[in-house]
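Participant: Below you'll find the structure I mean.
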């Protein structure tokens, strides 16, 4: 028990003897960011954000309407100068994206890995549609009805009398 107490006292004394580290008043660089959002009661909207810091940053913005059409872009950039920006449109014609980048190994005139991906025109024979017969006149409407005679049966009233 005495040994435990001695160890405790030594630990406390050694912690008090360590030099005190003075905290620096310099703040860590955290970068800057901004964001926005707008919408109306009709379904139109727009939103976006942007954030920058010492190691790079990213952004996104999009606007849409009541018909489901969307236009926007997003991207990122690194501290070493690499950047990628994607501009896109989504509407009744589908989703289309245009990518701009200066990343190493990406030649804007070639496809990745020196292959052609979905570039060849696909020739599809037109589908054969069976001709449906043309109706010259609508079929006549024939109404069916049946008449039945109504018979009313009248019977004399029936009396019940209990025996005394």
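Numbering (mature numbering (1 follows the signal peptide of the UniProt record, and there is no 0)), first residue to last: -17 to -1, 1 to 147. A virtual CB, placed ideally from N, CA and C, is assigned to each residue, including glycine.
When you compare only the Cα positions, how much space is there between residue 140 and residue 132?
Facilitator: Straight-line Cα distance between these residues: approximately 25 Å.
Participant: Pull the bridge partners of residue 55 from the DSSP assignment, please.
Facilitator: Residue 55 is bridged to 45, 71.
Participant: Given a cut-off of 9 Å on the beta-carbon distance, is the pair residue 36 and residue 66 in contact?
Facilitator: No, they are not a contact pair.
Participant: Roughly how many angstroms separate the alpha carbons of residue 78 and residue 87, rounded to a whole number?
Facilitator: Straight-line Cα distance between these residues: approximately 27 Å.
Participant: For residue 74, which of 146, 82, 48 has the nearest alpha-carbon?
Facilitator: It is 48 whose Cα lies nearest to the Cα of residue 74.
Participant: Using only alpha-carbon positions, find the residue among 82, -11, 63, 13 that is nearest to residue 34.
Facilitator: Out of 82, -11, 63, 13, 13 has the C-alpha closest to the C-alpha of residue 34.
Participant: Pull up the CB-CB distance for residue 55 and residue 44, whole angstroms please, since I reckon it's below 8 Å.
Facilitator: That pair is a contact at about 6 Å.
Participant: Would you tell me roughly how many angstroms separate the C-alpha atoms of residue 62 and residue 17, rounded to the nearest one?
Facilitator: Taking the straight line joining both Cα atoms gives about 19 Å.
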